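Residue numbering for the sequence shown follows this note's numbering, starting at 1 and increasing by one per position.
From the three backbone atoms N, C-alpha and C, an ideal C-beta is built for every residue, glycine too.
For clarity, every value in this text was computed on a predicted model and none was experimentally measured.
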Amino acid sequence: MALAINNALAMSAPHHRVGFHASIAGGFSNAIAEGELFGCEVIQIFTKSNRQWLANPIDPEELSHYHAVREKSSIGTIFGHSGYLINLSADNPDVLQNSRNSLLLELNRSAQLKLPFLVLHPGAAKSRSEEEALKVVLSSLEWVFARTESPVKIALEVTAGSGTVLGSRIEQIAWLLDNCPSTARLAVCLDTCHLFASGYDLRTAVDIEIFLNLFKRLIPWKRVAAVHINDSKTEFGSHKDRHETLGSGKIGWECFRTIMRHPDFSKLPLCMEIPPGGDGRPNDVSALNQLKAARVYRTGIGAQR
């Protein structure tokens, strides 16, 4: 009964679809089941262990079962997130090559899973200068693209910018998009926690409009593929990547309510990556319910007021 209700709710939400990162433990189809159980309308998944470079090929039976379950699912969008070891600007030659090989594998696995895009942290400069590191990221992306015909896009994620991590400034992401020969194969993933930690204030509706105007001057909004919707444990401009339950962190609930009613976010998958809070994912479930309640519909046609 609960699953049927969740499915009906998902099908009745034509925009501002929300969900969370779901676990692939036990098989890719389990992530779909988990998402449906807790009322997700979108989910994000890893294509393999996020702490390993490579993985065994996907079992054909598992893949077939996943697609059968996916065909019947009410979940609107399933997209991927790449492993955390990947650093496309690594100054260690072995790490750099492992990163390229790993991303290539993940793009091909994403194609098998028919994911529309794969979220990727651009990398960390380490001993390189910022300019040099960004050029190495471009070289790495071209190396990967030259070796696969996967239609899956890479969505470069805005980061919190800790240490030498790249991608904390919109200008860096814009430079990669503008200078990549295969730019049509790139997209952008925003993260509210990362943006806040890197110095883009999102706490009020006015703050969000200021950010959107700045972003659109550098990058066309149509390049945005998804939004990670997370609160922040740390203060504004901390450059620390510490996610918190929505409304319990330093950003606050006004940000997320505004996003759920803003037309710019209406067609984007909005995905949480917050602490689940224990068995039954109480933090995710509570936040999902609040986000859905924040949507504003015009009776009968599902349009925003």
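Q) Buried or exposed: tyrosine 84, going by 16 or more other Cβ atoms within 10 Å of its Cβ? A) Here residue 84 is taken as the residue at index 84 of the sequence shown, counted from 1. Under this definition tyrosine 84 is an exposed residue.
(Q) Can you give me the C-alpha to C-alpha distance between valine 42 and glutamate 209, rounded to a whole angstrom? (A) Taking the sequence shown and counting its residues from 1, one reaches residue 42 at position 42. Taking the sequence shown and counting its residues from 1, one reaches residue 209 at position 209. Computed Cα separation, rounded: 25 Å.
Q: Could you tell me if glutamate 34 is buried or exposed, where buried requires 16 or more neighbouring beta carbons within 10 angstroms of its beta carbon?
A: Residue mapping note: residue 34 aligns to position 34 of the sequence shown, counting from 1. Buried, because 16 or more other Cβ atoms sit within 10 Å of the Cβ of glutamate 34.
Q. Quick one: does valine 152 have its CB under 9 Å from some CB of chain C?
A. In summary, chain C is missing from the structure at hand, where a single protein chain is found.
Q) Cα separation between threonine 258 and asparagine 98? A) Position 258 of the sequence shown, counting from 1, holds the residue named residue 258. Position 98 of the sequence shown, counting from 1, holds the residue named residue 98. If you take the alpha carbons of threonine 258 and asparagine 98, they lie about 41 Å apart.
(Q) Is the separation between the beta-carbon of serine 162 and that of lysine 240 shorter than 9 Å? (A) The sequence position of residue 162 within the sequence shown is 162, counting from 1. The sequence position of residue 240 within the sequence shown is 240, counting from 1. Taking 9 Å as the Cβ cut-off, serine 162 and lysine 240 qualify as a contacting pair.
Q. With respect to the beta strand (DSSP E) encompassing valine 188, which residues constitute its N-terminal and C-terminal limits?
A. Here residue 188 refers to the residue found at position 188 when the sequence shown is read from its first residue. Start and end: 186-191.
Q.
Give me the DSSP bridge partner(s) of alanine 155.
A. For the purposes of this step, residue 155 is taken as the residue at position 155 of the sequence shown. Alanine 155 pairs with Val119 and Ala187.
Q: Pick out the complete beta strand (DSSP E) segments inside the segment 181-252, 3 residues or longer, and give them in chain order.
A: 186-191 and 224-228
Q. What's the gap between the Cα of histidine 121 and the Cα of alanine 174?
A. By 1-based counting over the sequence shown, the position of residue 121 is 121. By 1-based counting over the sequence shown, the position of residue 174 is 174. Their backbone Cα atoms lie some 14 Å apart in a straight line.
Q. Do you know whose CA, among Ser129, Ala294, Cys271 and Gln290, lies nearest glutamine 44's CA?
A. Taking the sequence shown and counting its residues from 1, the one referred to as residue 44 is at position 44. Comparing Cα positions, the closest option is Cys271.
Q. What residues in its chain sit with their C-beta under 8 Å from that of isoleucine 75, if we drop five residues either side in the sequence?
A. Reading the sequence shown from its first residue, position 75 is the one you call residue 75. Taken in chain order, the residues that qualify are Ala10, Gly19, Ile32, Gly35, Glu36, Cys40, Glu41, Val42 and Ile43.
Q. Who does histidine 81 pair with in a DSSP beta bridge?
A. What you label residue 81 is simply residue 81 of the sequence shown in a count that begins at 1. Answer is Phe46 and Val119.
Q) Does the beta-carbon distance from glycine 123 to glutamate 106 come in below 9 Å? A) For the purposes of this step, residue 123 is identified with residue 123 of the sequence shown, where counting begins at 1. For the purposes of this step, residue 106 is identified with residue 106 of the sequence shown, where counting begins at 1. Cβ distance not < 9 Å, so glycine 123 and glutamate 106 don't count as in contact.
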